[in-house]
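K.L.:
So the protein sequences, as listed, match chains Y and A. Numbered per this note's numbering, the first sequence spans residues 1179 to 1408. Numbered per this note's numbering, the second sequence spans residues 191 to 410.
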Amino acid sequence: MNSQKKQMGLNRRQVAWRIAQEISEGSYVNLGIGSPELVANYIPEDREIIFHSENGILGMGPAPRPGEENGNLINAGKKPVTLLEGGSYFHHTDSFAMIRGGHIDICVLGAYQVAQNGDLANWATLDTSKPPGVGGAMDLSVGAKKIFVMMDHLTKDNEPKLMKTCSYPETGFGVVKTVFTDLAVIDILDSKFIVREMVETLSFTQLQSKTGAPLTLSDNFKTLTPPNLD
Amino acid sequence: MINKVINFVEDTVSDVQDGAVILASGFGNAGATNCLLEALMETNAKYLTVVANNAGESDYGLAALIGSGKVSKVICSYPISSGSTIFQKLYNTKEIDLELVPQGTLSERLRAAGAGIGGFYTRTSVGSLLATEKEKRKFNNIEYVLEYGLKGDFALIRGKTADRWGNIIYDKSARNFGPIMAAAATTTIAQVEQIVKLGEIDPELIVTPGIYVDKVYLKK
Chain Y
1179 MNSQKKQMGL NRRQVAWRIA QEISEGSYVN LGIGSPELVA NYIPEDREII
1229 FHSENGILGM GPAPRPGEEN GNLINAGKKP VTLLEGGSYF HHTDSFAMIR
1279 GGHIDICVLG AYQVAQNGDL ANWATLDTSK PPGVGGAMDL SVGAKKIFVM
1329 MDHLTKDNEP KLMKTCSYPE TGFGVVKTVF TDLAVIDILD SKFIVREMVE
1379 TLSFTQLQSK TGAPLTLSDN FKTLTPPNLD
Chain A
191 MINKVINFVE DTVSDVQDGA VILASGFGNA GATNCLLEAL METNAKYLTV
241 VANNAGESDY GLAALIGSGK VSKVICSYPI SSGSTIFQKL YNTKEIDLEL
291 VPQGTLSERL RAAGAGIGGF YTRTSVGSLL ATEKEKRKFN NIEYVLEYGL
341 KGDFALIRGK TADRWGNIIY DKSARNFGPI MAAAATTTIA QVEQIVKLGE
391 IDPELIVTPG IYVDKVYLKK
């Protein structure tokens, strides 16, 4: 994020904090590769959440202390993690049965684009110079009970990522429930973007100008005020 | 007396033929059988198809096998891990084919093959570019796509502990594709860290029963 955006909106840690507040006690949660992994750092201390990792872990804990990494204990992003007491290991087909079978309450994914009807594009761009990769994104998008998306409101080139329809290849259709950006919290309801929270440094008209589809202000609208997390 | 333990690594993969389908366990490096994959490089087998979650990283193990030119096709979910440069180069010069399969579909196709199931329907990939050629069917008004079982000629898996019957337990998240690939291949070769006497692995804890395993190699 450039400095201007940083000033205007939330940093990644603050977006992760905001998502963490939305996850209720006892939830089974899968965090996608990259920024969504930060969400685990901001779960309120009095809340017990069980993290699932697609490579066969329930009860995944934080990163180990330096020197205590184990190459056989990694997360979906292939980074070293730990196992909490009560955690378990299982093979890949069990792991994806949990995902596809609707046993995961919330999955937080990054995205290139989200459409107003909840379509998600996060596995391929139109760049053909590299091979495509999909990983578990399509399984997660159809399988988890709720899909949260964590992404910047605009691309690096200031193009909207919230769209009427995705221009990138879709991962799943009508699957996204809520989008958490650096500027706003937006629910998807009846194929509409409903702004539940937004930062106070922007007007609603300004937020609309950064969005590729019509926004509706929620009846329960609030200002998005995260703690300072530098 | 049944004894599936093989003493020399070159004897584990010596009967792999041209065109064989190799199921290679591992999620990144966790559970990857680098010494078996490198032994495969030393054989004369070529035109191999490799089924794995990734397409190797750096220049060892699966990446080395792919770089040796013996692999004509990779079936995987995510060939774009950081360090997966050997595959990417061959892909860009069209020297290797890729069949991209969503990760859960990949593991379920393997499970189906191992369980004698010809195919199954899943919602994963419905409507996407990965489903354009797939047969569709609605169940309870929800659309699914048909996926086929994916069988291997050889599975190369990594366990922690084995016995001479080929019973296997695993280490942490290195389990990943091991148990399902073991069942999905005609011949399964397990690389393990430890071999114990029969009865020493608690039968309640055995993850892969020896019926699925043909050869066990102790990687010291």
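We put the beta carbon where it would ideally sit given N, CA and C, even for glycine.
Between the alpha carbons of Ala345 of chain A and Lys326 of chain A, how many angstroms are there, rounded?
P.N.:
Taking the first residue of the second sequence as position 1, residue 345 of chain A is located at position 155. Taking the first residue of the second sequence as position 1, residue 326 of chain A is located at position 136. Distance between the alpha carbons of Ala345 of chain A and Lys326 of chain A is about 30 Å.
K.L.:
Excluding sequence positions up to five away, which residues of its chain have a Cβ less than 7 Å from the Cβ of Arg1225 of chain Y?
P.N.:
Taking the first residue of the first sequence as position 1, residue 1225 of chain Y is located at position 47. Within the same chain, Arg1225 of chain Y has close Cβ partners Glu1203.
K.L.:
For the candidate residues A:Ser248, A:Ser297, A:Pro292, A:Val403, whose alpha-carbon lies nearest to that of Asn219 of chain A?
P.N.:
Residue numbering aside, residue 219 of chain A sits at position 29 when the second sequence is read from its first letter. Of A:Ser248, A:Ser297, A:Pro292, A:Val403, the residue nearest in Cα terms is A:Ser248.
K.L.:
Just to confirm before moving on: does the CB-CB distance between Ala352 of chain A and Leu213 of chain A stay below 8 Å?
P.N.:
Here residue 352 of chain A refers to the residue found at position 162 of the second sequence. Here residue 213 of chain A refers to the residue found at position 23 of the second sequence. No, the pair does not count as a contact, with Cβ atoms beyond the cut-off.
K.L.:
With a cut-off of 8 Å, does the C-beta of Thr322 of chain A fall near any C-beta of chain Y?
P.N.:
Against the second sequence, residue 322 of chain A aligns to sequence position 132. For Thr322 of chain A, the answer is no, since every Cβ of chain Y falls outside 8 Å of its Cβ.
K.L.:
Buried or exposed: where does Glu1232 of chain Y fall if 16 or more other Cβ atoms within 10 Å of its Cβ makes it buried?
P.N.:
Stepping through the first sequence from its first residue, residue 1232 of chain Y is reached at position 54. Result: buried.
K.L.:
Residues of chain A with CB closer than 9 Å to the CB of Leu1251 of chain Y, please, in chain order.
P.N.:
Translated into positions along the first sequence, residue 1251 of chain Y becomes position 73. Chain A residues near Leu1251 of chain Y: Ala220, Asp361, Lys362, Ser363, Ala364.
K.L.:
Residues of the segment 305-322 of chain A with a CB closer than 8 Å to any CB of chain Y: list them in chain order, please.
P.N.:
Within the segment 305-322 of chain A, the qualifying residues are Thr312, Arg313, Thr314, Ser315, Val316, Gly317, Ser318, Leu319, Leu320.
K.L.:
For the alpha helix (DSSP H) holding Asn282 of chain A, just list the boundary residues, first then last.
P.N.:
Start at 1 with the first residue of the second sequence, and residue 282 of chain A comes out as number 92. First-last of the alpha helix (DSSP H) with Asn282 of chain A: 275-282.
K.L.:
Taking Pro1244 of chain Y as the reference, which of Y:Thr1260, Y:Ile1235, Y:Gly1234, Y:Lys1323 has the closest Cα?
P.N.:
On the first sequence, residue 1244 of chain Y is found 66 positions in, with the first residue counted as 1. Nearest option by C-alpha distance: Y:Thr1260.
K.L.:
Grab me the residues of Gly356 of chain A's own chain with a C-beta within less than 6 Å of its C-beta, minus the 5 sequence neighbours each way, in chain order.
P.N.:
Here residue 356 of chain A corresponds to residue number 166 of the second sequence, with the count starting at 1. Cβ within range, chain order: Lys194, Gly400, Val403, Val406.
K.L.:
Suppose you measure from the CA of Leu255 of chain A to the CA of Ile1364 of chain Y; what does that come to, to the nearest Å?
P.N.:
The sequence position of residue 255 of chain A within the second sequence is 65, counting from 1. The sequence position of residue 1364 of chain Y within the first sequence is 186, counting from 1. Whole-angstrom Cα-Cα distance: 47 Å.
K.L.:
Could you check what DSSP says for Gly342 of chain A in three-state terms: helix, strand or coil?
P.N.:
As a working mapping, residue 342 of chain A is identified with position 152 in the second sequence. Correct three-state label for Gly342 of chain A: strand.
K.L.:
Could you work out which residues of chain A lie near Met1376 of chain Y, taking near to mean beta carbons separated by less than 8 Å?
P.N.:
Along the first sequence, read from residue 1 onward, the residue named residue 1376 of chain Y stands at position 198. In chain order: nothing, as chain A lies at least about 31 Å away.
K.L.:
Out of A:Leu340, A:Asn244, A:Lys263, which one is the CA nearest neighbour of Ser274 of chain A?
P.N.:
Taking the second sequence and counting its residues from 1, the one referred to as residue 274 of chain A is at position 84. Of the candidates A:Leu340, A:Asn244, A:Lys263, the one whose C-alpha sits nearest the C-alpha of Ser274 of chain A is A:Asn244.
K.L.:
Just curious, the beta strand (DSSP E) that Ile379 of chain A is in, first and last residue?
P.N.:
Residue 379 of chain A sits at position 189 when you count from the first residue of the second sequence. Taken as a continuous stretch (DSSP letters only), the beta strand (DSSP E) holding Ile379 of chain A covers 375-382.
K.L.:
Measuring only between beta-carbons, confirm whether Gly400 of chain A sits less than 8 Å from chain Y.
P.N.:
By 1-based counting over the second sequence, the position of residue 400 of chain A is 210. No, its Cβ sits nowhere closer than 8 Å to a Cβ of chain Y.
K.L.:
Is DSSP giving Val412 of chain A helix, strand or coil here?
P.N.:
Lying outside 191 to 410, the shown extent of chain A, residue 412 of chain A is not represented and no answer is given.
K.L.:
Over what stretch of residues does the alpha helix (DSSP H) that includes Ser1387 of chain Y continue unbroken?
P.N.:
Here the question's residue 1387 of chain Y lines up with position 209 in the first sequence. Counting along the chain, the alpha helix (DSSP H) containing Ser1387 of chain Y begins and ends at 1382-1387.
K.L.:
If we count the other Cβ atoms within 10 Å of its Cβ and call it buried at 16 or more, is Thr1197 of chain Y buried or exposed?
P.N.:
By one-based count along the first sequence, residue 1197 of chain Y stands at place 19. With the sequence shown as reference, residue 1197 of chain Y is identified as Ile, and Thr is not the correct amino acid for it. With 16 or more Cβ atoms within 10 Å of its Cβ, Ile1197 of chain Y is classed as buried.
K.L.:
Going straight from the alpha carbon of Asp1360 of chain Y to that of Thr1333 of chain Y, what length do you get?
P.N.:
Start at 1 with the first residue of the first sequence, and residue 1360 of chain Y comes out as number 182. Start at 1 with the first residue of the first sequence, and residue 1333 of chain Y comes out as number 155. Cα-Cα distance, rounded: 12 Å.
K.L.:
So Thr322 of chain A packs on Thr295 of chain A, CB below 8 Å; how close in whole Å?
P.N.:
Taking the second sequence and counting its residues from 1, the one referred to as residue 322 of chain A is at position 132. Taking the second sequence and counting its residues from 1, the one referred to as residue 295 of chain A is at position 105. Not quite, the Cβ-Cβ distance comes to about 15 Å (not below 8 Å), so this is no contact.
K.L.:
Contact defined as beta carbons within less than 8 Å: I believe Leu1262 of chain Y pairs with Cys1285 of chain Y. What is the distance between those atoms, to the nearest angstrom?
P.N.:
Here residue 1262 of chain Y corresponds to residue number 84 of the first sequence, with the count starting at 1. Here residue 1285 of chain Y corresponds to residue number 107 of the first sequence, with the count starting at 1. About 19 Å; that fails the 8 Å criterion.
K.L.:
Please identify, using Cβ separations under 8 Å, the residues of the segment 1201-1221 of chain Y that lie next to chain A, in order along the chain.
P.N.:
Those would be none; no residue qualifies.
K.L.:
My assumption, with CB atoms under 8 Å, is that Asn1300 of chain Y sits in contact with Thr1349 of chain Y. Please give the rounded CB distance.
P.N.:
Indexing the first sequence from 1 puts residue 1300 of chain Y at position 122. Indexing the first sequence from 1 puts residue 1349 of chain Y at position 171. Contact flag correct, Cβ pair sits at about 5 Å.
K.L.:
Can you list, in chain order, the residues of the segment 269-303 of chain A whose Cβ is nearer than 9 Å to any Cβ on chain Y?
P.N.:
Answer in chain order: Pro269, Ile270, Ser271, Ser272, Ser274, Phe277, Gln278, Tyr281, Asn282, Leu288, Leu290, Val291, Pro292, Gln293, Gly294, Thr295, Leu296, Ser297, Glu298, Leu300, Arg301.
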